[in-house]
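Report on the structure given below.
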Amino acid sequence: QKEVEQDPGPLSVPEGAIVSLNCTYSNSAFQYFMWYRQYSRKGPELLMYTYSSGNKEDGRFTAQVDKSSKYISLFIRDSQPSDSATYLCAMLANSGGSNYKLTFGKGTLLTVNP
Amino acid sequence: DGGITQSPKYLFRKEGQNVTLSCEQNLNHDAMYWYRQDPGQGLRLIYYSQIVNDFQKGDIAEGYSVSREKKESFPLTVTSAQKNPTAFYLCASSNHRGDQPQHFGDGTRLSIL
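Protein chains in written order, with this note's numbering: chain X, 2 to 115; chain E, 244 to 356.
This is the structure in structure tokens:
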């Protein structure tokens, strides 16, 4: 079983839809959870960063973490064509001493159609 | 504006040639990373460095080399030993421990001629 599983999609939705993106993980040592957005031919940019279980909201984006189920989600409300990108989940775990390692999901390709 | 600059944006390699990808950051971060991104494979860690003059192999270091002579710079050399170098290469940086989110450059696309 891979440490982080993410459905690659592609996911296609109409403009204005609510989008739900998900990742599951197997390593209980993951402590910090992130969502990155990556446009074509660009580097990933950080969207959301959370530590604890529960919800974190930022504008149209909500990140949800359920540590008991080892499941994280990103919700996008009122989706726009400019949200069309690949969304990567990422998780940090202590890799020994005071150092941490970042593990990425493979990314979900989202297209929002006008 | 603080950020990470990767150059060139596109690079072509001939058989038997070594090529070097540049990565510069002005975020005052101690740690820097190199990833390779292939379609359907996600990001895979090649090398990382937490401090000047020190670096560690990641998950797929074979055929690659790095140096860290300055805090701001972490160049990656793709050697002729890397038989499948065609990929999108991403440089990132973070705090020393790596327990903060990594910030990424806009990548270099390397192709074989």
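Just so you know, even glycine gets a beta-carbon here, dropped at the ideal spot from N, CA and C.
- Annotation for residue 105 of chain X: 89, 91 place their beta carbon closer than 6 angstroms to its own, counting only its chain and skipping 5 residues before and after.
- Below 8 angstroms, too few C-beta pairs join the segment 31-46 of chain X and the segment 267-275 of chain E to call them touching: fewer than three.
- Here residue 84 of chain X carries a helix assignment [DSSP, helix/strand/coil].
- Residue 356 of chain E carries a coil assignment under DSSP once its states are collapsed to helix, strand and coil.
- X:63 is the residue among X:99, X:63, X:53 whose C-alpha sits nearest the C-alpha of residue 20 of chain X.
- Within the same chain, Cβ atoms closer than 7 angstroms to the Cβ of residue 28 of chain X are found at 4, 94, the five residues on either side in sequence being excluded.
- When X:111, X:68, X:73 are compared, the shortest CA-CA separation from residue 84 of chain X is found for X:111.
- Residue 80 of chain X sits away from residue 23 of chain X, with the two beta carbons spaced by 8 angstroms or more.
- Contact annotation for residue 105 of chain X against chain E: 285, 286 [CB-CB distance below 7 angstroms, chain order].
- Following the DSSP letters along the chain, one finds residue 324 of chain E in no beta strand (DSSP E), marked with neither H nor E.
- If you draw a straight line from the Cα of residue 355 of chain E to the Cα of residue 257 of chain E, it is about 6 angstroms long.
- Under the DSSP definition of a beta bridge, residue 267 of chain E partners with E:248, E:316.
- In the structure shown, residue 51 of chain X adopts extended strand secondary structure according to DSSP, grouped into three states.
- Within the model, the alpha-carbon separation for residue 315 of chain E versus residue 269 of chain E is close to 6 angstroms.
- A check of alpha carbon separations from residue 9 of chain X across X:100, X:109, X:97, X:52 identifies X:109 as the nearest.
- In this structure, residue 249 of chain E places its C-beta atom within 8 angstroms of the C-beta atom of residue 266 of chain E.
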